[in-house]
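Take a look at the structure set out below.
Structure (structure tokens):
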């Protein structure tokens with residue numbers, strides 16, 4: 146048959162990383178003909194502790210892999226974990242901040258912007274959710290935007306909204322690319338958030 150298995154990550158579990166039950170493939174998005182492919186695992190978990198004490202904490206951050214059109218990993222930055230290192234004021238991962246981000250629940254490539262990728266993550270900030278974009282051609286991994294931290298978003302997207310459950314991009318108002326995020330539990334009816 147024409148179906149083949151693609152090994153995206155063959156690393157075993159460790160004290161720091163739990164690949165089991167990560168749901169690799171929960172979202173898969175091709176960029177365009179001949180472009181890259183994003184493959185995400187929103188339940189990917191990092192964990193900490195010590196060899197003598199065992200695992201003390203876990204953070205379900207989620208991650209995405211960006212592959213070449215041959216489905217091989219790109220040379221740098223093929224694995225993206227948007228919320229790695231985003232700790233609460235006490236220095237830990239928590240549900241109140243980014244400890245259950247679930248990045249990669251949704252993913253999209255920005256229209257007409259060859260190297261921008263957008264991640265939806267419904268878990269941050271008590272499940273208010275977040276949207277994150279990054280430039281894939283940048284060798285440094287700093288977010289272009291993390292929209293959960295925008296004051297307008299904070300005032301309009303409340304806990305348990307799940308913003309980022311779906312994301313997409315398009316030119317809605319003319320010349321600029323807009324990012325769109327679904328927030329299916331916002332205001333008990335759901336809403337769509339458009340970023341200009």
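Residue numbers (this note's numbering): 146 to 341. Every residue, glycine too, gets a C-beta built ideally from N, C-alpha and C.
- Contact check for residue 176 against residue 184 fails: the beta carbons are separated by 8 Å or more.
- A direct Cα-Cα distance of roughly 6 Å separates residue 309 from residue 328.
- With at least 16 other beta carbons inside 10 angstroms of its own, residue 227 counts as buried.
- Secondary structure remark: continuous beta strand (DSSP E) runs of at least 3 residues inside the segment 169-248, in chain order: 172-175, 182-186, 190-195, 199-204, 208-212.
- Residue pairing by DSSP places residue 275 opposite 266 in a beta bridge.
- Contact fails between the segment 157-166 and the segment 230-249, because fewer than three Cβ pairs, one in each stretch, are under 8 Å apart.
- Distance between residue 153 and residue 210, taken at the CA atoms: about 8 Å.
- The Cβ-Cβ distance between residue 251 and residue 324 does not fall below 8 Å.
- Residue 156 carries a coil assignment under DSSP once its states are collapsed to helix, strand and coil.
- The Cβ-Cβ distance between residue 214 and residue 180 falls below 8 Å.
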